[in-house]
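To start, the structure under review is shown below, and the notes come after it.
Protein chains: 2
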Amino acid sequence: MIIKKILLKRVLVSDNSCMILSMENKKATIKDVASHSLVSIKTVSRVINNEYGVSKITKSNLFIFIKALDYNPNKAAQGLRSKKSFLIGLVYDNPDKFYLSDIQSGVLETCAKNGFSVVLFPCNHKEKDLTEKLIEFAKRTNLDGLIPTISHTDMKELVKNLQLEIPLCVVSPGLLTSNPLCVSSDDFKATYSMTCHLIKQGHKEIGFIKGHKDHGAIESDLRKVGIRTKIDDRNIRPGTKHYDWEIKGVPIRLEIGPIFASNDAMAAGVMKAAHKAKINIPNDISLVGFDNSPTASQAWPSITTIAQPIKEMASSAAQILIDNISNKSEKKNINKTFDSDIVVRIDGQK
Amino acid sequence: MIIKKILLKRVLVSDNSCMILSMENKKATIKDVASHSLVSIKTVSRVINNEYGVSKITKSNLFIFIKALDYNPNKAAQGLRSKKSFLIGLVYDNPDKFYLSDIQSGVLETCAKNGFSVVLFPCNHKEKDLTEKLIEFAKRTNLDGLIPTISHTDMKELVKNLQLEIPLCVVSPGLLTSNPLCVSSDDFKATYSMTCHLIKQGHKEIGFIKGHKDHGAIESDLRKVGIRTKIDDRNIRPGTKHYDWEIKGVPIRLEIGPIFASNDAMAAGVMKAAHKAKINIPNDISLVGFDNSPTASQAWPSITTIAQPIKEMASSAAQILIDNISNKSEKKNINKTFDSDIVVRIDGQK
DNA sequence: TGATACAATGACAACGATATCTATTCTAAA
DNA sequence: TTTAGAATAGATATCGTTGTCATTGTATCA
Numbered sequence: 472m473i474i475k476k477i478l479l480k481r482v483l484v485s486d487n488s489c490m491i492l493s494m495e496n497k498k499a500t501i502k503d504v505a506s507h508s509l510v511s512i513k514t515v516s517r518v519i520n521n522e523y524g525v526s527k528i529t530k531s532n533l534f535i536f537i538k539a540l541d542y543n544p545n546k547a548a549q550g551l552r553s554k555k556s557f558l559i560g561l562v563y564d565n566p567d568k569f570y571l572s573d574i575q576s577g578v579l580e581t582c583a584k585n586g587f588s589v590v591l592f593p594c595n596h597k598e599k600d601l602t603e604k605l606i607e608f609a610k611r612t613n614l615d616g617l618i619p620t621i622s623h624t625d626m627k628e629l630v631k632n633l634q635l636e637i638p639l640c641v642v643s644p645g646l647l648t649s650n651p652l653c654v655s656s657d658d659f660k661a662t663y664s665m666t667c668h669l670i671k672q673g674h675k676e677i678g679f680i681k682g683h684k685d686h687g688a689i690e691s692d693l694r695k696v697g698i699r700t701k702i703d704d705r706n707i708r709p710g711t712k713h714y715d716w717e718i719k720g721v722p723i724r725l726e727i728g729p730i731f732a733s734n735d736a737m738a739a740g741v742m743k744a745a746h747k748a749k750i751n752i753p754n755d756i757s758l759v760g761f762d763n764s765p766t767a768s769q770a771w772p773s774i775t776t777i778a779q780p781i782k783e784m785a786s787s788a789a790q791i792l793i794d795n796i797s798n799k800s801e802k803k804n805i806n807k808t809f810d811s812d813i814v815v816r817i818d819g820q821k
Numbered sequence: 472m473i474i475k476k477i478l479l480k481r482v483l484v485s486d487n488s489c490m491i492l493s494m495e496n497k498k499a500t501i502k503d504v505a506s507h508s509l510v511s512i513k514t515v516s517r518v519i520n521n522e523y524g525v526s527k528i529t530k531s532n533l534f535i536f537i538k539a540l541d542y543n544p545n546k547a548a549q550g551l552r553s554k555k556s557f558l559i560g561l562v563y564d565n566p567d568k569f570y571l572s573d574i575q576s577g578v579l580e581t582c583a584k585n586g587f588s589v590v591l592f593p594c595n596h597k598e599k600d601l602t603e604k605l606i607e608f609a610k611r612t613n614l615d616g617l618i619p620t621i622s623h624t625d626m627k628e629l630v631k632n633l634q635l636e637i638p639l640c641v642v643s644p645g646l647l648t649s650n651p652l653c654v655s656s657d658d659f660k661a662t663y664s665m666t667c668h669l670i671k672q673g674h675k676e677i678g679f680i681k682g683h684k685d686h687g688a689i690e691s692d693l694r695k696v697g698i699r700t701k702i703d704d705r706n707i708r709p710g711t712k713h714y715d716w717e718i719k720g721v722p723i724r725l726e727i728g729p730i731f732a733s734n735d736a737m738a739a740g741v742m743k744a745a746h747k748a749k750i751n752i753p754n755d756i757s758l759v760g761f762d763n764s765p766t767a768s769q770a771w772p773s774i775t776t777i778a779q780p781i782k783e784m785a786s787s788a789a790q791i792l793i794d795n796i797s798n799k800s801e802k803k804n805i806n807k808t809f810d811s812d813i814v815v816r817i818d819g820q821k
């Protein structure tokens, strides 16, 4: 009986695929692997999808043929049949390029590891009908999931509506707890420690500069809370002195003391203003930033700042999302928080 | 006869798709559009692919149904049948993040316009077997085309081998003429004009700083040629004075005069060194950079620099590649060159 | 021994589009 | 009229996978 079966199969092989050795330029399909390994295409499918119900022997045997034939599953066919696209959308709105770059590489690496590709969707958070546009984009591109990042002032509403249409995992600066799947950094803890750092240096008064109201308003606020709490905690006064400067023609009243800027770009702006006003940093006033962007290290003097583990966060978000899409995780609510680090730079000190 | 036909079709409609109005949550397929519009699916296919052989009336009628049913062709099915993936790979090796960001958005916009998605492939140009890895990546992801950007020192060899496997359009700083499809910026012209700018300010001696040898060596060299030519042209000496500074612990001998840095990051480094050495910029020495990165505008004083139309270049490259893939252009060799602009900043001058 | 359960495997349809080939309709010239 | 040929439309196979359901083989139990 067994012999008969094998013979039967060998005939099949010679019918369909003995020519394959001479068709070297054509890509191997699941059919080729199946006929060479003398199993059905379904069994091959089971192996490449790591499904249950294939014996160890068959499996290891198949892996040999898969390798030998240089077989790669056709994504289009897989997608067509299984209604997946293996595409994940990364949504962002003009963030700091370095931030974006880290986010991207984190998402990218994880997606690649899992056989997914990343489609980028830059957009303006102030755009009308952004929710509709995002949904339309997700549908048109047939995305399996979406990773929204900064910065959408009205993100809560947006995220809520998007969730109804497509799986999401949000990468959020500061703490956001309203989303089922979410990765965030603990800005509160970070600004709190930074404030401690300033207080340890003997400062009794701390100024804070918010970023532009259209960008990262949420983060700024959360960051401020961290300082404020520490300030209240220790009976330190918030900064009250000020001088005036401007950025792109817009006058800004700058509270001084030691200054805590809500991001490094703002810190660089303060430095520029200080240079003009002949105020020496760090000897006349202290200045710290947030983000650990290259600006902070390239400036003179270089700026003490806070570094978020952005890439790790992004990578984690992608993994959570993919697990969710693939039903590998049963949890419906995952909220992962990462801690940030203070990067102390002292090259300008007396 | 005509009546008979229509009746027949109406029956078909009620068989297959009158329910569609109540199946609102399901995506419309080409079949739905066909049955609603009383034409064959092939005709719908002709319309969405802008093929020859459909009357204007049928066409405009179809568009109405396509819109009404919110029909979007299924990329997986299209790809499976037509052996296309509608994916374009963007290859880059750790460039300046701002450069990357511009490249990306240019490629992205154009691809989106043409119904293509972008897959990112960050890589290390020094990696062994990079060519093989790229080919493997292109095959595995089933890419339709590839856009290699900076920076691959041995790019010529790489590009030559890649071309045999997959359509390419190279985005190159400086002039590269060896590739069939190529978009480049004229760095020579730009550095030449910048040198003219410095000479016009009365300088007789010009120093040049190359970037790190692993990054953008090609660009640096090409940029240098631009200066050098102008220098020779006008009997200006290259810089000979110097002082020593260091970057990340590595001592660097800095030629001074006015200084032309091969990129803005290098210019920022020079400024830092100058600050330490109590040399005033721009009053003691002039300093210009290259790239127009935010560093150049955020620094104090802000740095005069050269801006390449990066995004336009990237966008153009994507379009050329897509046209080539789609056989829309018959030209086999396209080499498009863009001019760069000088961005003069003077806020630090006496 | 026969019934039963379960692991391993296979046959075949289906996913949603395009390609190929064929059929019909329309127009203009014989 | 007739008819050639262009314009238009349709029927059906096909792309490479996975989903569904059926079948086989083997170990366990009563």
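For the record, the sequence lines run as chains W and B.
For the first sequence, the working numbering begins at 472 and goes up steadily by one.
For the second sequence, the working numbering begins at 472 and goes up steadily by one.
Idealized CB from N, CA, C, for every residue including glycine.
Given the structure is predicted, the values throughout are model-derived calculations rather than measurements.
Output needed for residue i: all residues of its chain with C-beta closer than 7 angstroms, excluding positions within five of it in sequence on either side, in chain order.
i                      : result
residue 525 of chain W : 514, 517 and 518
residue 571 of chain W : 563
residue 428 of chain W : Outside the displayed range of chain W (472 to 821) lies residue 428 of chain W, so it cannot be described from this structure.
residue 495 of chain B : In this prediction, residue 495 of chain B scores a pLDDT of 45, lower than 50, which makes its location untrustworthy; the coordinate-derived value is nonetheless stated afterwards. Same-chain partners within the cutoff: there are none.
residue 481 of chain W : Caution applies to residue 481 of chain W, whose pLDDT of 35 falls short of 50 and renders its modelled position unreliable; the value that the coordinates give is listed next. Result list for residue 481 of chain W: empty, nothing under 7 angstroms.
residue 750 of chain B : 756
For residue i, count neighbouring C-beta atoms within 10 Å of its own C-beta (all shown protein chains included) and say buried if the count is 16 or more, exposed if not.
i                      : result
residue 511 of chain W : exposed
residue 764 of chain W : buried
residue 569 of chain W : buried
residue 743 of chain B : buried
residue 757 of chain B : buried
residue 523 of chain B : exposed
residue 541 of chain B : exposed
residue 605 of chain B : buried
residue 635 of chain B : exposed
residue 797 of chain W : exposed
residue 659 of chain W : buried
residue 520 of chain W : exposed
residue 534 of chain W : exposed
residue 755 of chain B : exposed
residue 818 of chain B : exposed
residue 753 of chain W : buried
residue 528 of chain W : exposed
Could you give the first and the last residue of the continuous alpha helix (DSSP H) run that contains residue i?
i                      : result
residue 550 of chain W : 546-553
residue 806 of chain W : No alpha helix (DSSP H) contains residue 806 of chain W, which is instead part of the beta strand (DSSP E) from 805-809.
residue 735 of chain B : 735-747
residue 531 of chain B : 527-539
residue 570 of chain W : 568-584
residue 643 of chain B : Per DSSP, residue 643 of chain B belongs to no alpha helix (DSSP H); it is in the beta strand (DSSP E), 641-643.
residue 601 of chain W : 601-612
Please return the same chain residues whose Cβ sits closer than 6 angstroms to the Cβ of residue i, not counting the five positions on each side in sequence.
i                      : result
residue 640 of chain W : 618, 652, 788, 791 and 792
residue 555 of chain B : 615
Within the same chain, show all residues whose beta-carbon is closer than 8 angstroms to that of residue i, passing over the 5 residues directly before and after it, in chain order.
i                      : result
residue 815 of chain B : 668 and 775
residue 783 of chain B : 577 and 809
residue 768 of chain B : 774 and 816
residue 595 of chain B : 564, 565 and 601
What are the boundary residues of the beta strand (DSSP E) that includes residue i?
i                      : result
residue 511 of chain W : Per DSSP, residue 511 of chain W belongs to no beta strand (DSSP E) and is neither H nor E.
residue 776 of chain W : 776-778
residue 618 of chain B : 616-619
residue 753 of chain B : Residue 753 of chain B -> no beta strand (DSSP E), and no H or E assigned at all.
residue 653 of chain W : 652-656
residue 593 of chain B : 588-593
residue 781 of chain B : Element bounds for residue 781 of chain B: not the beta strand (DSSP E) but the alpha helix (DSSP H), 781-796.
Check the C-beta distance from residue i over to residue j and give it rounded, since I have them as a contact under 8 angstroms.
i                      : j                      : result
residue 664 of chain W : residue 813 of chain W : 6 angstroms
residue 620 of chain W : residue 574 of chain W : 6 angstroms
residue 761 of chain B : residue 777 of chain B : 5 angstroms
residue 611 of chain B : residue 613 of chain W : That belief does not hold up - the Cβ atoms of residue 611 of chain B and residue 613 of chain W are roughly 20 angstroms apart, past 8 angstroms.
Compile a chain-ordered list of the residues in the region 588-609 of chain B whose CB is closer than 7 angstroms to at least one CB of chain W.
Listed in sequence order: 588, 589, 590, 591 and 593.
Between the region 543-558 of chain B and chain W, which residues of the former have a C-beta closer than 9 angstroms to a C-beta of the latter?
Cβ proximity to chain W below 9 angstroms picks out 543, 545, 546, 547, 548, 549, 550, 551, 552, 554, 555, 556 and 558 from the region 543-558 of chain B.
Within 8 angstroms of chain W by C-beta, residues of the region 777-800 of chain B in sequence order
none
Select from the region 757-771 of chain W all residues with a C-beta closer than 8 angstroms to any C-beta belonging to chain B, and list them in chain order.
765, 766, 769, 770 and 771
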